[in-house]
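See below for the structure under consideration.
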Amino acid sequence: MTKTIRLTMAQALTRFLGCQMTEIDGRKMPIFGGVWAIFGHGNVAGIGEALYQVRDELPTFRAHNEQAMAHAAIAYAKANFRRRFMAATSSIGPGALNMVTAAALAHVNRLPVLFLPGDVFANRIPDPVLQQAEDFSDGTATVNDCFRPVSRYFDRITRPEQIIPALNRAMQVLTDPAECGPVTLALCQDVQAEAFDYPESFFAERVWHQRRPRPDRGELAAAVAALKAATKPLVIAGGGVLYSQASGELAQLVQGAGIPVCETQGGKSSLPDDHPLNMAAVGVTGTSAANRLAEEADVVLAVGTRLQDFTTGSWALFKNSGKTIIGLNVQPFDAGKHQALPLVTDAAEGLAELGAALNGWQAPAAWTDNAARGKKEWQAEAGKVTASTNAAYPSDAQVIGAVQRAMGSDVILLHAAGGLPGELHKLWQAGAPGSYHAEYGFSTMGYEIAGGLGVKMAKPDDEVVVMIGDGSYLMLNSEIATSVMLGLKLTIVLLDNRGYGCINRLQMATGGANFNNLLKDARHEILPDIDFAAHAASLGAIAEKVSSIAGLETALAKAKDNSKTTVLVIDTDPLVSTDVGGHWWDVAVPEVSSRPQVNAARKAYEEKRRMQSVGD
Ligand SMILES: Cc1ncc(C[n+]2csc(CCOP(=O)(O)OP(=O)(O)O)c2C)c(N)n1
Ligand SMILES: [Mg+2]
């Protein structure tokens, strides 16, 4: 007879989560770092009671906003290179839907997170329950169906025993490097509280190891042949290099073959910035060193990248018409993009095998030397734009220079939206793998502070520096209070350019009038003068407004000794961004307009579009 244990569905779920382990550097530990929770009637009695039972093994953390708590969970997984992750539970209705944007963020970035929104009564007796949206034509539809397109696996639990296969599938998805992404188990609130005789074996400890698929022999041979025929090879390092922890294998391959490397937002810090073959950022927000090579490259080894438009300059950057792309990726969907030669494999395994098969082959020395020259030229340019200044309104680049001088490269730098991602991609000198944390897959305003909190939970001994614009800060800042409450210190540098600076610049570049982006250009009776330092202080942070770049450097040096989250505010210039480096980006300009500036921008746009390659 199977031994069973009688538990509610919620109790079985939380007990199961606590039994899932992983091994990192030979140390066994729980694979779930904890559960973020905001309770309501849809989860407090079921999941809430069950989380209380296991609070010692599986800690519960309280937040102020469901989207933010999910950001923290996702950032935690990213900082752990997807080896560990968290769950996030909400009530039904608004609490659940607050997590949908975060689910999409995890989906785009291929990051594991377990969403546990409450759902309506499976028995439908109290219908419509508080916060239930009624569908006139579909009795099975609930607001949680919004999670379906942004979850890698979605299930609605309408009977307690369904949690057994659902959790097994959830673990497959969360731990599989190719499928990896958000899992949503919508938990009907009556079923959370329903008991079932679960087999004891369901709660056996399970240790999950990272799967590292090796390349197919035929695909490997084709990739090797393509590389050996190259005269201008280039590696694009994407986030997959970091998730596979393949920096060592990457360095070995490119050093052996003399192949320059450029990095996507997700892949930055695959090699340290000062590695001689690292041309750093590629694409729209790229360096001149990387983009020069990208324009000419005849074989592009794209490792662990989704090849999104910022990387490819909307497919106008890679201009060599005879080029071959090798798609080294653990996910076939990505490996075969743009008629690439697919090389489906874990990055570390694939790079090691590729390196061995190249067997001493080297790229022409002129190509490698040319890359080294380009890097020197870029470094000189970057030094100029990040140099200190007395300007009343410094540029983002000058603030970045100050943060880098004060904090070095040994911190984890985090950002997500606004003008900062472009500037940091180009200009930040990253250190160790994972020291540059960009959420630029979804570029979600409001990710930054909660994301920083998740990183700090994953890496409590590291200094976590969050750089954020005033717009993003105003969108979602509440987890400053959580960081103070949990004793998890963040250093937050807030650049106040009084509005949506980067979109205002984009508006101007596409011929638009200055309209509805900077506060001064938005409909107003009173021009807001927001005291960000006072706001942050009210949430419990140490906060200071500095009035110069020198003042920022002094305040950052002091902040290192603070044990509490510190927010430093500096006014910046909304109109300046770094022109050097970079590449055109496809943003559609109106075909007809009464504004001559728009018509002129359209003409220039049509010219640029001619550079785009379609499909290949
Ligand atoms: C949630 C969300 N809404 C809208 C956008 C579009 N968007 C991208 S950047 C930006 C402005 C950001 O303003 P701020 O944080 O002040 O940075 P700045 O552009 O001034 O550097 C907007 C509205 C977005 N990325 N995310
Ligand atoms: Mg701004």
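Residue 1 is where the sequence shown starts when you use UniProt numbering, and the numbers rise one by one after that. Backbone N, C-alpha and C define an ideal beta-carbon position, used for all residues, glycine too.
query                                                                                              : result
Beta-carbon spacing of Q404, T389 below 8 Å                                                        : no
Contacting residues, own chain, Cβ-Cβ under 6 Å from Y76 (five flanking each side not counted)     : G33, M86, G454, M457, A458
Spatial distance of V466 from M1 (CA atoms)                                                        : 55 Å
In DSSP terms, what L301 is bridged to                                                             : V235, I326
Closest residue to S478 among T287, S247, L539, D470 (Cα-Cα distance)                              : L539
Under the three-state DSSP convention, the category E296 falls into                                : helix
A352 to K228 span [Cα, whole Å]                                                                    : 16 Å
Touch test, the segment 271-278 against the segment 207-222, Cβ-Cβ under 8 Å, three pairs minimum  : no
Beta-carbon proximity check, V241 vs G267, cutoff 8 Å                                              : yes
Run of the beta strand (DSSP E) containing G118, from where it starts to where it stops            : 113-119
Backbone secondary structure at Y393 - three-state DSSP                                            : coil
Nearest-angstrom beta carbon gap, S270 and P433 [assumed within contact, 8 Å]                      : 6 Å
Reduced DSSP secondary structure (H/G/I, E/B, other) of Y198                                       : strand
Residue nearest to A104 in terms of C-alpha spacing, selected from G499, T444, H535                : T444
Residue(s) in a DSSP beta bridge with N278                                                         : V261
Own chain, CB closer than 7 Å to D190, minus 5 neighbours either side, in chain order              : F121, A122, N123
Exposure of S151, with buried meaning 16 or more beta-carbon neighbours within 10 Å                : buried
Spatial distance of A536 from D571 (CA atoms)                                                      : 16 Å
Range covered by the alpha helix (DSSP H) that runs through E161                                   : Looking at the DSSP string, E161 is not in any alpha helix (DSSP H), and its letter there is neither H nor E.
Residues passing the C-beta test against ligand 2 heavy atoms, cut-off 5 Å                         : G469, D470, G471, N497, G501
8 Å Cβ shell around T231 - same chain, five flanking residues per side excluded                    : D298, A363, P364, W367
Ordered list of beta strand (DSSP E) runs contained in the segment 19-67, each at least 3 residues : 20-24, 27-30, 32-37, 60-62
Whether G95 touches I47 by CB criterion (8 Å)                                                      : no
Alpha carbon of A513 to alpha carbon of E423, nearest angstrom                                     : 24 Å
Run of the beta strand (DSSP E) containing S90, from where it starts to where it stops             : 85-90
Bridge-paired residues (DSSP) for E219                                                             : None, per the DSSP bridge assignment.
T8 and A193 closer than 8 Å at C-beta                                                              : yes
Counterpart residues of T101 in DSSP-defined beta bridges                                          : The partner list for T101 (beta bridge, DSSP) is empty, contrary to what the question assumes.
Any non-hydrogen atom of ligand 1 closer than 7 Å to P394 Cβ                                       : no
Beta-carbon spacing of V303, V235 below 8 Å                                                        : yes
Closer than 7 Å: T285 CB and nearest ligand 1 heavy atom                                           : no
Sub-8 Å separation of S288 and W428 beta-carbons                                                   : no
Proximity winner among M475, A88, V143, relative to G499 (alpha-carbon distances)                  : M475
S443: CB within 7 Å of a non-hydrogen atom of ligand 1                                             : yes
Where the alpha helix (DSSP H) through T386 begins and ends                                        : 365-386
Inter-residue CB distance, A402 and A557 (contact presumed, cutoff 8 Å)                            : At roughly 11 Å, the Cβ-Cβ gap does not stay under 8 Å, so A402 and A557 are not in contact.
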